[in-house]
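*Asks:* Those protein sequences? They're chains P and V, same order as listed.
Count along the first sequence from 1, then add 58; that gives the number in my numbering.
Count along the second sequence from 1, then add 58; that gives the number in my numbering.
Number of protein chains: 2
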Amino acid sequence: MSKVSNVPYSALQVGQTATFSKTLEERDLLLFAAVSGDRNPVHLDADYAAKTMFKERIAHGMFTGALISAAIACELPGPGSIYLGQQLTFSRPAKLGDTLTVQLEVLELLPKFRVRIATRVFNQNSEQLVDGVAEVLAPRKQEEVELTELPPIQVG
Amino acid sequence: MSKVSNVPYSALQVGQTATFSKTLEERDLLLFAAVSGDRNPVHLDADYAAKTMFKERIAHGMFTGALISAAIACELPGPGSIYLGQQLTFSRPAKLGDTLTVQLEVLELLPKFRVRIATRVFNQNSEQLVDGVAEVLAPRKQEEVELTELPPIQVG
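#1: Answer with buried or exposed for V72(V), where buried requires no fewer than 16 other C-beta atoms within 10 angstroms of its C-beta.
#2: In its own chain, which residues sit with a C-beta less than 8 Å from the C-beta of T75(P), not counting the 5 before and 5 after it?
#3: When the Cα of L205(P) is compared with those of T77(V), D96(V) and E83(V), which residue comes out closest?
#4: Would you please state the rounded distance, in angstroms, between the beta carbons of I175(P) and I211(P)? I believe it to be under 8 Å.
#5: Among the residues of its own chain, which have a CB less than 8 Å from the CB of L125(V), if the five just before and after it don't count?
#6: Using 10 angstroms around the beta-carbon of D156(V), count the other beta-carbons present and answer buried if the total reaches 16, otherwise exposed.
#7: To be precise: take each residue of the region 92–108 of chain V, compare its Cβ to all Cβ atoms of chain P, and keep it if any distance is under 9 Å. Which residues remain?
#8: Using a Cβ-Cβ cutoff of less than 7 Å, which residues in the same chain neighbour T110(P) once the five nearest sequence positions on both sides are dropped?
#9: Please tell me whether G123(P) has its Cβ less than 8 Å away from any Cβ of chain V.
#10: Should E185(V) be labelled buried (16 or more other beta-carbon atoms within 10 Å of its own) or exposed?
#11: What residues of chain V sit near L146(P), judged by a beta carbon separation below 7 Å?
#12: With a threshold of 16 other CB atoms inside 10 Å of the CB of S94(V), please say whether the residue is buried or exposed.
#13: Across which residues does DSSP place K80(P) in a beta bridge pair?
#14: Could you tell me the alpha carbon to alpha carbon distance between G123(V) and Y106(V), rounded to whole angstroms?
#15: Please compile the residues from chain P whose C-beta is within a distance smaller than 7 Å of the C-beta of T206(V).
#16: Work out the CA separation of V62(P) and K113(V) for me, nearest whole Å.
#17: Residues of chain V with CB under 7 Å from A128(P), in chain order?
#18: Per DSSP, which residues does K216(V) bridge with? Please list them.
#19: For a cutoff of 8 Å on Cβ pairs, would you count V213(P) as touching chain V?
#20: If the criterion is Cβ atoms closer than 8 Å, does the pair M120(V) and S139(P) meet it?
#21: List the residues of chain V that A131(P) touches, going by C-beta distances under 7 Å, in chain order.
#22: Name the chain V residues whose beta carbon is nearer than 8 Å to that of K80(P)?
#23: Name the residues in the region 154–167 of chain V whose C-beta lies less than 9 Å from a C-beta of chain P; which are they?
#24: So P210(V) contacts chain P; which residues on that side make the cut at Cβ distance below 9 Å?
#25: Please go through the same chain and pick out, in chain order, the residues whose beta-carbon is closer than 7 Å to the beta-carbon of L168(V), but skip the five residues on each side of it.
#26: Let me make sure I understand the geometry here. Which of G214(V), P209(V) and L195(V) has the alpha-carbon closest to that of G136(V)?
#27: Looking at the unbroken alpha helix (DSSP H) that takes in A128(P), where does it start and where does it end?
#28: For D189(P), which of helix, strand or coil comes out of DSSP?
#29: CA-CA distance, N64(V) and L70(P)?
#30: Can you say whether N183(V) is buried or exposed, counting buried as having 16 or more other CB atoms within 10 angstroms of its CB?
#31: Looking at the strands, I want to know which residues DSSP matches up with G143(P).
#32: Go to A107(P), then tell me how far its alpha helix (DSSP H) extends in each direction, as first and last residue.
#33: If I follow the unbroken beta strand (DSSP E) through Q71(P), where does it start and stop?
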């Protein structure tokens, strides 16, 4: 998937859905710790995490926020979207090996190209981890964008 | 900074503040793209970004969300905090080289160890990029935590 198309405002409909999935690997915990600056051991140290209420390493809560933002930017409405706001409620943590699926659903079309989108994240057992709503300025024109290739990123 | 102390619920006061700063480097854009999966060229391709309304590469909006989450997890209330929710309003993008400062302020102490915290992000020109409110389950006990050392992460 190197090219992605957007859904311009004029083609958005209430009830429209899209999904975006990713499996949480140790590499993701390390990269998120590096980019955010949050090196708390509950995310990174298996021995420490075993003594917490979570019993094992969990993802940073905002990792799921990052996945939601990627789902909006890459799937619905996709490239050209401008993020205006996001509300998030975290109810369960994501654990190593979990396959996380962001489910987007258009809730409301607002004036001036704005759209409200439900942003829900589930794990592979259909347990909901995150609930929320995004407000997005949708693209005005249909467009296909070439995603940028990243350089190799080596961890450890 | 390898050890950080938290502020337990009993020591939190309305009006208490903390800050957390980071300068946005190209490396951050690449790492955030890798960990989120959002490789849109407005964040990664200088030539593409020059033709957009932003004129240059901008950070993913949720990068500032990641900084806010790190500020909460590392500064106020700090280690042992559990993230319950976050509301974010994005008003300006962060640009390469910007020094971003998250300002936290305790707004309200709620029952059952919960606290509402204002989460505002400014750039080096005191322009506000993000406004928002976090809801956090504060730690019950004072604690000092050793942050985990990350392995080397090499980009490119």
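Here a beta-carbon is modelled for each residue, glycine too, at the ideal position from N, C-alpha and C.
Here the structure is a predicted model, which means the values were calculated and not measured.
*Replies:* Quick look at the numbers:
#1: Position 14 of the second sequence, counted from the first residue, corresponds to residue 72(V). Result: exposed.
#2: Within the first sequence, the letter at position 17 stands for residue 75(P). Within the same chain, L134, Q161, L162, E163 and V164 come within 8 Å of T75(P) by CB-CB distance, once the 5 residues on both sides are set aside.
#3: Start at 1 with the first residue of the first sequence, and residue 205(P) comes out as number 147. Among T77(V), D96(V) and E83(V), the Cα nearest to that of L205(P) is on D96(V).
#4: Position 117 of the first sequence, counting from 1, holds the residue named residue 175(P). Position 153 of the first sequence, counting from 1, holds the residue named residue 211(P). With 8 Å as the limit, I175(P) and I211(P) do not qualify as a contact, their Cβ atoms being about 29 Å apart.
#5: Walking along the second sequence from the start, residue 125(V) turns up at place 67. Exclusion of the five residues before and after L125(V) leaves F78, K80, L158, V160 and V179 as the residues of its chain whose Cβ lies within less than 8 Å of its Cβ.
#6: Working through the second sequence from its first residue, we reach residue 156(V) at position 98. Classification for D156(V): buried.
#7: A92, V93, S94, G95, D96, R97, N98, P99, V100, H101, L102, D103 and Y106
#8: Here residue 110(P) corresponds to residue number 52 of the first sequence, with the count starting at 1. Result list for T110(P): V100, in chain order.
#9: Here residue 123(P) corresponds to residue number 65 of the first sequence, with the count starting at 1. Yes, contact with chain V.
#10: Along the second sequence, read from residue 1 onward, the residue named residue 185(V) stands at position 127. Exposed is the call here.
#11: Walking along the first sequence from the start, residue 146(P) turns up at place 88. Correct list: G143 and Q144.
#12: Position 36 of the second sequence, counted from the first residue, corresponds to residue 94(V). By the Cβ-count criterion, S94(V) is buried, with 16 or more other Cβ atoms from all chains shown falling within 10 Å of its own Cβ.
#13: Translated into positions along the first sequence, residue 80(P) becomes position 22. Looking at the DSSP assignment, K80(P) forms a beta bridge with L158(P).
#14: The residue you call residue 123(V) lines up with position 65 of the second sequence. The residue you call residue 106(V) lines up with position 48 of the second sequence. So the two alpha carbons sit approximately 24 Å from each other.
#15: Here residue 206(V) refers to the residue found at position 148 when the second sequence is read from its first residue. Correct list: R97, P99, L102 and D103.
#16: Position 55 of the second sequence, counted from the start, is the residue given in the question as residue 113(V). Position 4 of the first sequence, counted from the start, is the residue given in the question as residue 62(P). Cα to Cα, K113(V) sits roughly 22 Å from V62(P).
#17: Translated into positions along the first sequence, residue 128(P) becomes position 70. Under the 7 Å cutoff, chain V gives S94, G95 and D96.
#18: No answer is possible for residue 216(V): the residues shown for chain V start at 59 and end at 214.
#19: For the purposes of this step, residue 213(P) is taken as the residue at position 155 of the first sequence. Output row for V213(P): interface = yes.
#20: For the purposes of this step, residue 120(V) is taken as residue 62 along the second sequence, with counting starting at 1. For the purposes of this step, residue 139(P) is taken as residue 81 along the first sequence, with counting starting at 1. Cβ distance not < 8 Å, so M120(V) and S139(P) don't count as in contact.
#21: Position 73 of the first sequence, counted from the first residue, corresponds to residue 131(P). Near A131(P) (Cβ distances below 7 Å), the residues of chain V are D96 and N98.
#22: If you number the first sequence from 1, residue 80(P) lands on position 22. The contacting residues are G95.
#23: none
#24: In the second sequence, residue 210(V) corresponds to position 152, counting from 1. Ordered by position in chain P, the residues that pass the 9 Å Cβ test against P210(V) are Q212, V213 and G214.
#25: In the second sequence, the residue the question calls residue 168(V) occupies position 110. Answer for L168(V): R174, listed in chain order.
#26: Position 78 of the second sequence holds residue 136(V). With distances taken between Cα atoms, G136(V) lies closest to L195(V).
#27: Counting from 1 along the first sequence, the entry for residue 128(P) is found at position 70. Here the alpha helix (DSSP H) through A128(P) covers G119 to C132.
#28: Taking the first residue of the first sequence as 1, we reach residue 189(P) at position 131. Of the three classes helix, strand and coil, the one that applies to D189(P) here is strand, per DSSP.
#29: The residue you call residue 64(V) lines up with position 6 of the second sequence. The residue you call residue 70(P) lines up with position 12 of the first sequence. C-alpha separation (whole angstroms): 45 Å.
#30: Translated into the one-based positions of the second sequence, residue 183(V) becomes position 125. When all chains shown are included, N183(V) counts as exposed.
#31: As a first step, residue 143(P) is located in the first sequence; it is residue number 85 there, counting from the start. BP columns for G143(P) point to E193(P) and T147(V).
#32: Stepping through the first sequence from its first residue, residue 107(P) is reached at position 49. Note, A107(P): alpha helix (DSSP H), A104 to A108.
#33: Residue 71(P) sits at position 13 when you count from the first residue of the first sequence. Note, Q71(P): premise wrong, no beta strand (DSSP E); not H, not E.
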